[in-house]
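Asks:
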Amino acid sequence: MTCFRSQLSLLSLLFIGFIMGCGKGEYDRRLEESAVRLRNGEPAKSAADEAAPGEEEYVDPIAEEDEQTSRAPSRPPAGGGGGGGLVSAVRGAVSRSSAQQGMKNLGLAIVNYETATSSFPPRGMPLPDGSPGLSWRVAILPYLDQKPLYDQFHLDEPWDSAHNRPLVDRMPSDYVSEGLNLPDGKTVILAVGGADSALDALQKNTLRDLRDGVSHTAFVIEANEDQAVFWTQPADYEWSDDNPAVGLGRARKGVFLTILGDGTVVSIDANTDSEQLSRLFRKGDGQVVADDIFIR
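Using the numbering used here, count along the sequence shown one by one with no gaps and you end on 385.
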């Protein structure tokens with residue numbers, strides 16, 4: 090039995106390593122290049138601009154933490170099998186990696202949206218009467234290789250119109266948070282709300298509006314399950330200075346995934362000082378957030 094458990098542990102670690110080894114390659118090289126270009130004010134390259142080189146070795150920082158945890162010696166509960174904790178570790182590592190990869194896709198889409206339009210999408214695409222119609226999550230669909238789905242929406246109608254409402258069932262996988270039990274068509278991938286947010290309620294901000302810098306401003310976060318909204322709905326994460334992390338941190342064991350303005354994805358401890366989080370969530374208050382809050 091001891092031999093079997095050792096083999097199971099080894100296989101589990103190898104499986105986690107394999108999953109995490111697939112986390113970065115040509116895609117992440119493109120994202121990093123786009124991030125640098127965006128910070129330098131240069132246009133980002135699309136996937137069609139160059140051929141893909143070979144994959145490069147990468148260790149995902151979030152997955153590495155899970156892998157180290159799975160390596161820690163543990164004893165199985167008395168009278169039971171020893172594989173339960175290992176299976177849980179594998180599932181946790183895979184769900185975190187999957188969620189992070191989806192966020193990376195969204196980060197690259199936002200960067201490419203800015204490259205194409207010289208602006209960032211508003212949280213709500215304005216209707217002719219000035220009210221918010223469809224979400225930014227719809228606006229970036231063409232940059233997620235989802236142009237056919239984008240073309241099915243009536244952009245001059247509310248998200249829940251007779252035509253647009255059925256399209257809620259067509260939610261792209263990048264808006265799915267692995268490991269969370271959410272109703273169909275709902276997501277916790279939310280833009281940071283507020284009056285000084287990077288993605289404005291209705292207006293299109295530009296790079297000039299991000300006075301705190303793209304690499305120090307949060308655009309999108311992964312929130313708790315109770316914050317879920319329909320993905321086409323112009324609703325996002327509303328926060329307060331008193332407790333900016335009130336709806337964050339439960340999905341990923343005390344941290345929350347964040348897309349910065351340069352398209353990169355970081356993890357942030359939900360217990361981070363409220364003042365630092367408030368700085369992170371504002372685009373131009375002149376108070377730059379400390380780099381050490383980012384878990385890369």
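Here a beta-carbon is modelled for each residue, glycine too, at the ideal position from N, C-alpha and C. Since the structure is predicted, the reported quantities are computational estimates derived from the model, not experimental observations.
How long is the line joining the alpha carbons of residue 154 and residue 273, rounded to whole angstroms?
Replies: Residue confidence for residue 154 is low, a pLDDT of 43 falling below 50, so the modelled location carries little weight and cannot support an answer.
Asks: Taking DSSP as the reference, what is the three-state secondary structure of residue 242?
Replies: coil
Asks: Just to confirm before moving on: does the CB-CB distance between residue 294 and residue 193 stay below 8 angstroms?
Replies: no
Asks: If distances are taken between C-alpha atoms only, which option among 339, 348, 322 comes closest to residue 308?
Replies: 348
Asks: Please determine, among 346, 218, 206, the residue with the shortest C-alpha to C-alpha distance to residue 229.
Replies: Nearest of 346, 218, 206 to residue 229, Cα basis: 206.
Asks: State the DSSP-derived secondary structure class of residue 275, mapped to helix, strand or coil.
Replies: Here residue 275 sits in strand by DSSP.
Asks: Which residue wins for smallest C-alpha separation from residue 282, given the options 224, 376, 359?
Replies: 224
Asks: Alpha carbon to alpha carbon, how far is residue 151 from residue 256?
Replies: Confidence is the limiting factor: at residue 151 the pLDDT is only 42, short of 50, which leaves the residue's position unreliable, though a coordinate-based value still follows. Each residue's Cα considered, the two are about 33 angstroms apart.
Asks: Would you tell me roughly how many angstroms separate the C-alpha atoms of residue 384 and residue 226, rounded to the nearest one?
Replies: 25 angstroms
Asks: Residues in its own chain within less than 8 angstroms of residue 327 by CB, not counting five upstream and five downstream?
Replies: Hits under 8 angstroms: 282, 283.
Asks: Residue ranges of each beta strand (DSSP E) run of no fewer than 3 residues wholly in the segment 297–372, ordered along the chain?
Replies: 307–311, 344–349, 354–358
Asks: Which residue comes first and which comes last in the alpha helix (DSSP H) that contains residue 257?
Replies: No residue range can be given for residue 257, since it is assigned to no alpha helix (DSSP H) and is classified by DSSP as neither H nor E.
Asks: Between which two residues does the alpha helix (DSSP H) harbouring residue 226 extend?
Replies: Where residue 226 is concerned, the enclosing alpha helix (DSSP H) stretches over 225–228.
Asks: Taking the alpha-carbon of residue 355 as reference, which of 311, 324, 325, 271 has the nearest alpha-carbon?
Replies: 311
Asks: In chain order, what residues of the same chain lie with their CB nearer than 6 angstroms to the CB of residue 378, ignoring the 5 residues before and after it?
Replies: Cβ contact annotation for residue 378 (same chain, cutoff 6 angstroms, sequence separation greater than five): 305, 365, 368, 369, in chain order.
Asks: Looking at residue 330 and residue 363, is the spacing between their C-beta atoms short of 8 angstroms?
Replies: Yes, these two residues count as a Cβ contact at 8 angstroms.
Asks: Using alpha carbons as the reference points, say which of 319, 337, 320, 303 lies closest to residue 353.
Replies: That would be 303, whose Cα lies nearest to the Cα of residue 353.
Asks: Tell whether a beta-carbon distance below 8 angstroms holds between residue 290 and residue 211.
Replies: Contact: yes.
Asks: Under three-state DSSP, which class holds residue 231?
Replies: Looking at residue 231 - three-state DSSP - the assignment turns out to be helix.
Asks: Spatial neighbours of residue 242 within its chain, please: C-beta separation below 7 angstroms, excluding the five flanking residues on both sides.
Replies: 223, 227, 253, 256
Asks: Which residue's Cα is closest to the Cα of residue 263: 186, 382, 220, 191?
Replies: 191
Asks: Could you check the C-alpha separation between residue 209 and residue 233 for me, to the nearest Å?
Replies: 15 angstroms
Asks: Measuring straight from C-alpha to C-alpha, what distance separates residue 199 and residue 299?
Replies: 14 angstroms
Asks: Secondary structure at residue 379, three-state DSSP: helix, strand or coil?
Replies: coil
Asks: Please name the residue, chosen from 341, 261, 247, 313, that lies closest to residue 237 on a Cα-to-Cα basis.
Replies: 261
Asks: Taking the C-alpha atoms as reference points, what is the distance between residue 350 and residue 196?
Replies: 8 angstroms
Asks: Classify residue 332: buried if its beta carbon has 16 or more other beta carbons within 10 angstroms, exposed otherwise.
Replies: exposed
Asks: Give the single residue among 204, 187, 188, 189 whose Cα lies nearest to the Cα of residue 296.
Replies: 204
Asks: Starting from residue 213, trace the beta strand (DSSP E) in both directions and tell me its first and last residue.
Replies: 213–215
Asks: Alpha carbon to alpha carbon, what distance is there between residue 319 and residue 247?
Replies: Between the alpha carbons of residue 247 and residue 319 lies a distance of about 13 angstroms.
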